[in-house]
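Residue 0 is where the sequence shown starts when you use numbering that gives the first Met the number 0, and the numbers rise one by one after that. Beta carbons: idealized from backbone N, C-alpha and C, even for Gly. Owing to the predicted nature of the structure, the values given are computational and were not obtained by experimental measurement.
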Amino acid sequence: MATRALINIVDRQEGRSFSKTLPSTAIHTQIYKHYDGYPERLGVTLANYLNGYDIRNGIPSEHQGPLANGIGCLSAQLVSYLKDEPGNIYLRPPGNIDLEDYVYYIWVKENKDIMISIFNYEEECIFVGNSDKLTEKYEYNDR
């Protein structure tokens, strides 16, 4: 059985709560993932990829670490990272939650840490934090 998820990439704006879902008009990019959308899998994958990302307006001549030239650049890089074969990952016009088990919001603002929110199928917020906190909460540890 599929564990479906939406990944919504949104502009982080003053006054918007990280713990509330947004209307589709507020979403910059929406990615649908058909399988393995649960936090221990997709959440940790997103956290590991986004950890340490620097969001800028322009590309500095000297820079170390992962860099995106704004929200559109980050969106394209994330799709490229997640999509490695036909199926499973799809771009779609931003829409409302349908039958997805989890909804992720990736909150992006230039020169600020990326924040991540996770909502379950009942639209309850089950996580808000940065990549380190998400990994700490959900990464499987067999010790």
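In this structure, the beta-carbon distance from Pro38 to Phe126 falls below 8 Å. Ranked by Cα distance from Gly86, the options Glu123, Ser23, Ile30 are led by Ile30. Rounded to the nearest angstrom, the Cβ distance from Thr20 to Val107 is 17 Å, too far for a contact under 8 Å. Spatial neighbours of Glu122 in its own chain (CB-CB distance under 7 Å, excluding positions within 5 residues in sequence) are listed in chain order as Thr20, Ile96.
When DSSP states are grouped into helix, strand and coil, Lys132 belongs to the helix group.
Distance from the CA atom of Asp100 to the CA atom of Ile70, rounded to whole angstroms, is 25 Å.
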